[in-house]
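Colleague: To start, I am sharing the structure in question, which I have written as C-alpha cells.
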Amino acid sequence: MSEALTHDVLVVGAGLAGMRAALEAARQGVDVALLTKVYPLRSHSVAAQGGINAALGEDDSPETHAYDTVKGSDYLGDQDAIETMCREAPSDIIELERMGTVFSRRQDGRIAQRPFGGAGFPRTCYVADITGQALLHVLHEQVLKLNVLTYDEWFVTSLIVEDGRCRGVVAMNMRTGHIESLLAKAVVMAGGGFGRVYTPTSNSLISTGDGHALAYRAGAPLMDMEFVQFHPTTLKESGVLITEGARGEGGYLLNSQGERFMARYAPSKMELAARDIVSRAEQTEINEGRGVDGCVHLDLRHLGKQKIMERLPQIRELALDLANTDLLTDPLPIRPGMHYAMGGIKTDVNGATPISGLFAAGECACVSVHGANRLGGNSLLETIVFGRRSGKAAAEYADGRPAPSPSEAAVKRDTQAIEELLSRPSDGERMADLRAEMGVAMNSGVGVFRTKEGIAAALDKVRDLKERWKRVPVGNKGGVFNMELLSVIELGFMLDLAEVIALGALQREESRGAHSRRDFPERDDQTWLKHTLAYHTADGPKLDYGPVTMTRWQPERRVY
Amino acid sequence: MEVRLRVRRYDSTADGEPSYQQYAIDAPESVTILDSLLIIRERVDGSLAFRSSCRSAICGSCAMRINGASRLACKTKVVDMASRGREITVEPLANLPVIKDLIADMTPFYEKMRAVSPWLMIDEAKPLPDREYLMDAARSLRLSQFVACIQCAACYSACPIVALDDQYLGPAALAKAFRYCHDPRDDGKAQRLAGIAQEQGLWRCHTVFSCAEQCPKGVNPTEAIQQLKKMVMLMRLGLSR
Numbered sequence: 021m022s023e024a025l026t027h028d029v030l031v032v033g034a035g036l037a038g039m040r041a042a043l044e045a046a047r048q049g050v051d052v053a054l055l056t057k058v059y060p061l062r063s064h065s066v067a068a069q070g071g072i073n074a075a076l077g078e079d080d081s082p083e084t085h086a087y088d089t090v091k092g093s094d095y096l097g098d099q100d101a102i103e104t105m106c107r108e109a110p111s112d113i114i115e116l117e118r119m120g121t122v123f124s125r126r127q128d129g130r131i132a133q134r135p136f137g138g139a140g141f142p143r144t145c146y147v148a149d150i151t152g153q154a155l156l157h158v159l160h161e162q163v164l165k166l167n168v169l170t171y172d173e174w175f176v177t178s179l180i181v182e183d184g185r186c187r188g189v190v191a192m193n194m195r196t197g198h199i200e201s202l203l204a205k206a207v208v209m210a211g212g213g214f215g216r217v218y219t220p221t222s223n224s225l226i227s228t229g230d231g232h233a234l235a236y237r238a239g240a241p242l243m244d245m246e247f248v249q250f251h252p253t254t255l256k257e258s259g260v261l262i263t264e265g266a267r268g269e270g271g272y273l274l275n276s277q278g279e280r281f282m283a284r285y286a287p288s289k290m291e292l293a294a295r296d297i298v299s300r301a302e303q304t305e306i307n308e309g310r311g312v313d314g315c316v317h318l319d320l321r322h323l324g325k326q327k328i329m330e331r332l333p334q335i336r337e338l339a340l341d342l343a344n345t346d347l348l349t350d351p352l353p354i355r356p357g358m359h360y361a362m363g364g365i366k367t368d369v370n371g372a373t374p375i376s377g378l379f380a381a382g383e384c385a386c387v388s389v390h391g392a393n394r395l396g397g398n399s400l401l402e403t404i405v406f407g408r409r410s411g412k413a414a415a416e417y418a419d420g421r422p423a424p425s426p427s428e429a430a431v432k433r434d435t436q437a438i439e440e441l442l443s444r445p446s447d448g449e450r451m452a453d454l455r456a457e458m459g460v461a462m463n464s465g466v467g468v469f470r471t472k473e474g475i476a477a478a479l480d481k482v483r484d485l486k487e488r489w490k491r492v493p494v495g496n497k498g499g500v501f502n503m504e505l506l507s508v509i510e511l512g513f514m515l516d517l518a519e520v521i522a523l524g525a526l527q528r529e530e531s532r533g534a535h536s537r538r539d540f541p542e543r544d545d546q547t548w549l550k551h552t553l554a555y556h557t558a559d560g561p562k563l564d565y566g567p568v569t570m571t572r573w574q575p576e577r578r579v580y
Numbered sequence: 275m276e277v278r279l280r281v282r283r284y285d286s287t288a289d290g291e292p293s294y295q296q297y298a299i300d301a302p303e304s305v306t307i308l309d310s311l312l313i314i315r316e317r318v319d320g321s322l323a324f325r326s327s328c329r330s331a332i333c334g335s336c337a338m339r340i341n342g343a344s345r346l347a348c349k350t351k352v353v354d355m356a357s358r359g360r361e362i363t364v365e366p367l368a369n370l371p372v373i374k375d376l377i378a379d380m381t382p383f384y385e386k387m388r389a390v391s392p393w394l395m396i397d398e399a400k401p402l403p404d405r406e407y408l409m410d411a412a413r414s415l416r417l418s419q420f421v422a423c424i425q426c427a428a429c430y431s432a433c434p435i436v437a438l439d440d441q442y443l444g445p446a447a448l449a450k451a452f453r454y455c456h457d458p459r460d461d462g463k464a465q466r467l468a469g470i471a472q473e474q475g476l477w478r479c480h481t482v483f484s485c486a487e488q489c490p491k492g493v494n495p496t497e498a499i500q501q502l503k504k505m506v507m508l509m510r511l512g513l514s515r
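Line order of the protein sequences matches chains Y and P.
Mind the numbering: the first sequence is residues 21 to 580 in our numbering, read in order.
Mind the numbering: the second sequence is residues 275 to 515 in our numbering, read in order.
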C-alpha cells in the first residue's frame, strides 16, 4: 500500500454544496481537498434550472421567506435552521454575484427575481433557465483560483469511522481501479441526491445516493427519508426536468378539456402553489380521466417568443430534442416525477452530524430546512448557505487536531468486498433488471399517493431485491473505468435507501407535505409532528423519532 | 427498431491497437446515442467505457464523435444519425489522448481552460458596491450566450487548428476569456489579453467556424475570438483601457 493521502478537510462531492464547503474551508487556511466521482462540472447541481431564493426586494423580508418555507415544509422543517438560511440568503446571493455570476437583470441593472411556487414574493434569482450551471461554473472557477486539490473521478466505497470519529474515506481511483484510503481530520459529505432509487426521475445518472448510504452504513442517522419530492413538470418517458420557472414566467397547466385545473386545488396561487400540491392535483386529473395520455399539458404559447427565448431557452431546446415539441407553438405533455430528497443525513445548522468529524451539506443532508416539502429555489440556497457553514465548521474542527493514523483494515475490507463482487458466478441476474424493478416498485408504491398496501408491497420487493443483489455478477473484471462494477455498488447503496424510505413511509400514518397517505388523508400534529430517524443495523433500519424545532410559527392549516 | 453501432475500442493500459466493435441492439424509436450505449453496457458488454451524467445536455460528460462530428450523445437521436438499421460510428473526442474506449483524457483541455484565468478579477483597490454590481440587462443577456458553455470539449475536438498544434488554447478557453473580458465587472482584461494574444493563443484561429458549427449549446467561440482580437487591437492603439 502506498503512503496514505492526508488532508485537514476532505469534501466528498463537488456540486454546489461541496465546492462551497471546500471554498470556505480553504479560506480558513486549512489544507482542503475535494473528491468527486465525476469532474466537478458534471455534478447534478448543473441541472438546476429555475433559480435560487433570497429576500432581496424592498417589500420582501427574510421573515416572510422563512414563513413561506415553514408553511411549504408543512411545519416539519426546523424553524431555527430555516430562519438561519433565509437570514443569510441575501448576503450569499450578493457574494455569488460578486464572484462573477451573470444573474439575469432588471431594467435598472439589479438582479432580477421571478415568482416561484409557494412564495409570497418574486424572490427567485436566476440565470435564464440555467441557474445551476451558471453557479456551478462560477464556484468551480473559485476552486481553481484558490488551487484546491481535486480528486476527479474517485469513487468512495466507505467512510473510515473509528472510536466514534470519522477519519477519512476509502476510495477507488476510477482511472486505475486502485483502492486507497484518504485520511482527513474532518470529512464533509456532499454527495447529492438519490433520485435513481425511482424510475423515472429528473435526476442525473450519477444521483445514486452514495453520500446518504455511506453515512448511514457508517452509523449516522438518516432523517425524514419518506419525504420525496415529485416535481410537477417532468417529461413523460425520461423524467427530465422542465423548470418551475416556466410557471413562474406565467405558464399554464391544462387538462384534456383545456381547463386550468389548478383553480380547483389552489385558487389563490394557481400554478404556483407548492410542488406537492401541484403534483397531487396533476395526478388527480390524470387518475380521474382528465389527463392526456398519462400527462397534463404545460402551455407557454401565450408568453410569446421573446420571453421564451430570453428566459427559458434551454427548456425549449430540451422539449424539442427529447419530446419533439416546440413550446412556441404547442403545449408540452408533462407529469409529476421524482425530483428531490427532502430527507438525508441528520445535521445541525453547522453541518455537524452525530458522528464526530463528519459533516454533511446539500441534498444528502437534512438540516432540516425543507421538512415535508421543499419550495422551488430553496435547494440551491441550501447548498450555498449550509455548504459555507459546514466548510467553516469542518475547518474549525480540523484545526489543531493531530492527523489520523492510517487505517489498513478499512482498505483491506473494501478491497476484499470488491474482489468478492468481481468473483461472483456469472449466472446471476442483471444489475439493470434489479434496478428497474426497484425504481418501478418505489414509484408505484411510495409515489405521489401512498397506501399501506402499496408501501408494504414496495418494501417487500426491496427486501427481496436486497437478497437477489448478493448474486448480481460483474462481467467486467478490468481496473480502468469499470463502470459496471461501480453501478453494482451503487445499486447496493440505493437498495439500502429504498428500504429506509419505504419503512419510514409505512410507519408514518398521516399525510404531510409530499407524504400523502390515502388511508390517512389528514395531517396529525398530535402524533406525527416529529422527525423520523433511521439507524443502520445488521437486520435493516431501526426507526426512532425526534422533535421538530419551532421558534415562531405554530402549525396552521395549509392552503394556497 | 434495430440500432447498429460501430464503436472504437481501446485500453491505454493494455497492449494492442484501437479497434472497432460492432453492436446491434433493439431499442425504441426515440432512443439517443447515450441510451443505446447504456443498453449496450448494461445488457451486452459491461466493459464498454464512456462518461455520462445528466442526460439532458447540460453537464457536458458525454461529448464524443458520432459519424465523425463532435456531439453530445444524450442530445443525439439515433434516427437523426442513420436511416433505419444503418450503422453509426461512435468514437472518442478527437485531439485528446484516450484512456479507454470513449473516455478521453480531458486534462489538456482543462489545463487550457485554466490558463486563461477563468474567474472574475476585481481590482482590490476599488470600493465594493453596497449590494450587487449593477449590470445592463442587455449585457447580461449577451454574456449568458457564453456562460452557456458547458465545457464538453466538442469544439476542441472539432477544431482543425488544435489538431495541427496541440499547444493552441482552443475555442472553449478563448470563449471563456471573452466572457470575462466582456464582463463590465472585470478588471483583469489587460492581464488576460496579454496572456492570450500569442501565437498559440488568439492569432492561431483561422476562423474556420468548426467550433461554432459543432457546439451543442449554440455558443459561438469563433465570434468570441474575433471580439478578443478587436479588443487587443484597440488596446494596442490606446483606444481602450
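Ideal Cβ placement from N, Cα and C applies to all residues, glycine included.
List the residues that DSSP assigns as beta-bridge partners of D285 (chain P).
Modeller: Answer is P:K374, bridged to D285 (chain P).
Colleague: Whole alpha helix (DSSP H) runs in the segment 525 to 580 of chain Y with 4 or more residues, listed along the chain?
Modeller: Runs of the alpha helix (DSSP H) inside the segment 525 to 580 of chain Y: 545 to 548.
Colleague: Spatial neighbours of L225 (chain Y) within its chain, please: CB distance less than 8 Å, with the 5 preceding and 5 following residues excluded, ordered by chain position.
Modeller: Closer than 8 Å at Cβ, skipping near neighbours: R216.
Colleague: Please classify P302 (chain P): does DSSP put it in a helix, a strand, or coil?
Modeller: P302 (chain P): coil per DSSP, three-state reduction.
Colleague: Indicate whether S201 (chain Y) and G213 (chain Y) have their beta-carbon atoms separated by less than 8 Å.
Modeller: No, the pair does not count as a contact, with Cβ atoms beyond the cut-off.
Colleague: Who are V52 (chain Y)'s beta bridge partners in DSSP?
Modeller: V52 (chain Y) is bridged to Y:V29.
Colleague: With DSSP as the reference, label G211 (chain Y) as helix, strand or coil.
Modeller: In the structure shown, G211 (chain Y) sits in coil (DSSP, three-state: anything other than H, G, I, E or B).
Colleague: Note down the Cα distance separating S227 (chain Y) from H64 (chain Y), rounded to an integer number of angstroms.
Modeller: The alpha-carbon atoms of S227 (chain Y) and H64 (chain Y) are separated by roughly 7 Å.
Colleague: Would you mind telling me which residues of chain P sit closer than 8 Å to I226 (chain Y), beta carbon to beta carbon, in chain order?
Modeller: Going along chain P in sequence order, the residues near I226 (chain Y) (Cβ under 8 Å) are S327.
Colleague: Determine which residues share a DSSP beta bridge with H251 (chain Y) and list them.
Modeller: DSSP output for H251 (chain Y) lists Y:G357 as bridge partner(s).
Colleague: Run through DSSP, which three-state label would R394 (chain Y) get?
Modeller: Note: R394 (chain Y) maps to coil in three-state DSSP.
Colleague: Give me the Cα-Cα distance between A380 (chain Y) and G278 (chain Y), rounded to the nearest whole angstrom.
Modeller: Those two C-alpha atoms are separated by around 45 Å.
Colleague: Can the beta-carbon of G533 (chain Y) be found closer than 8 Å to that of L553 (chain Y)?
Modeller: No, Cβ-Cβ distance for G533 (chain Y) and L553 (chain Y) is not below 8 Å.
Colleague: List the residues of chain P that V131 (chain Y) touches, going by C-beta distances under 7 Å, in chain order.
Modeller: Before going further, note that residue 131 (chain Y) is Ile rather than Val in the sequence given. Per Cβ cutoff of 7 Å: E406.
Colleague: So with CB distances below 9 Å, who are the chain P contacts of V147 (chain Y)?
Modeller: The contacting residues are S414, S418, V421.
Colleague: Would you tell me roughly how many angstroms separate the C-alpha atoms of M21 (chain Y) and G71 (chain Y), rounded to the nearest one?
Modeller: Caution is warranted here: a pLDDT of 42 is assigned to M21 (chain Y), below 50, making its placement in the model unreliable, and no coordinate value can be reported.
Colleague: Check for me: the alpha helix (DSSP H) holding C429 (chain P) runs from which residue to which?
Modeller: Element bounds for C429 (chain P): 428 to 432.
Colleague: If you count every other CB in all the chains shown that lies within 10 Å of the CB of Q441 (chain P), and 16 or more means buried, which is it?
Modeller: Exposed is the call here.
Colleague: From Y:S299, Y:R321, Y:V66, Y:S376, pick the residue whose C-alpha is nearest to that of V181 (chain Y); which is it?
Modeller: Among Y:S299, Y:R321, Y:V66, Y:S376, the Cα nearest to that of V181 (chain Y) belongs to Y:S376.
Colleague: For the beta strand (DSSP E) that contains F379 (chain Y), what are its first and last residues?
Modeller: It spans 378 to 380 - the beta strand (DSSP E) in which F379 (chain Y) sits, taken as one unbroken run.
Colleague: Are three or more beta carbon pairs between the segment 382 to 401 of chain P and the segment 303 to 315 of chain P nearer than 8 Å?
Modeller: Taking 8 Å as the limit for Cβ pairs, the verdict is that the segment 303 to 315 of chain P does not touch the segment 382 to 401 of chain P.
Colleague: How do the segment 494 to 503 of chain Y and the segment 49 to 63 of chain Y stand: do at least 3 beta-carbon pairs fall below 8 Å, yes or no?
Modeller: Short answer: they don't touch.
Colleague: Answer with yes or no whether the minimum CB distance from D457 (chain P) to chain Y is below 8 Å.
Modeller: Closer than 8 Å: yes.
Colleague: I need the DSSP call for G371 (chain Y), collapsed to helix, strand or coil.
Modeller: Coil at G371 (chain Y), not helix or strand.
Colleague: Please confirm whether L164 (chain Y) has its beta-carbon closer than 8 Å to some beta-carbon of chain P.
Modeller: L164 (chain Y) counts as touching chain P.
Colleague: Are the CB atoms of A148 (chain Y) and C328 (chain P) nearer to each other than 8 Å?
Modeller: No; because the gap between Cβ atoms is not below 8 Å, this pair is not in contact.
Colleague: Using a Cβ cut-off of 7 Å, which residues of the segment 338 to 355 of chain P contact any Cβ in chain Y, in chain order?
Modeller: Correct list: K349.
Colleague: Could you tell me which residues DSSP pairs with C315 (chain Y) in its beta bridges?
Modeller: Y:V312, per the DSSP bridge assignment.
Colleague: List, in chain order, every chain Y residue whose beta-carbon is nearer than 9 Å to that of P382 (chain P).
Modeller: Correct list: empty, because the minimum Cβ distance to chain Y is about 14 Å.
Colleague: Please return the same chain residues whose Cβ sits closer than 6 Å to the Cβ of Y555 (chain Y), not counting the five positions on each side in sequence.
Modeller: Here the set comprises P241, K562.
Colleague: Using a Cβ-Cβ cutoff of 8 Å, what residues of the segment 323 to 346 of chain Y are near chain P? List them in chain order.
Modeller: Taking 8 Å as the Cβ-Cβ cut-off against chain P, the residues of the segment 323 to 346 of chain Y that qualify are E330, Q334, E337, L338, D341, L342.
Colleague: Spatial neighbours of T253 (chain Y) within its chain, please: CB distance less than 6 Å, with the 5 preceding and 5 following residues excluded, ordered by chain position.
Modeller: The residues are I262, L318, I354.
Colleague: Could you tell me which chain Y residues have their CB closer than 7 Å to the CB of G334 (chain P), listed as they occur along the chain?
Modeller: Here the neighbours are L61, R62.
Colleague: Under 7 Å between beta-carbons, which chain P residues line up against R161 (chain Y)? List them in chain order, please.
Modeller: According to the sequence displayed, residue 161 (chain Y) carries Glu and not Arg. In chain order: P392, W393.
Colleague: How would you write the range of the alpha helix (DSSP H) that F281 (chain Y) sits in, first residue to last?
Modeller: From DSSP, F281 (chain Y) is part of no alpha helix (DSSP H); its letter is neither H nor E.
Colleague: Taking the alpha helix (DSSP H) that W489 (chain Y) falls in, what are its first and last residues?
Modeller: First-last of the alpha helix (DSSP H) with W489 (chain Y): 472 to 489.
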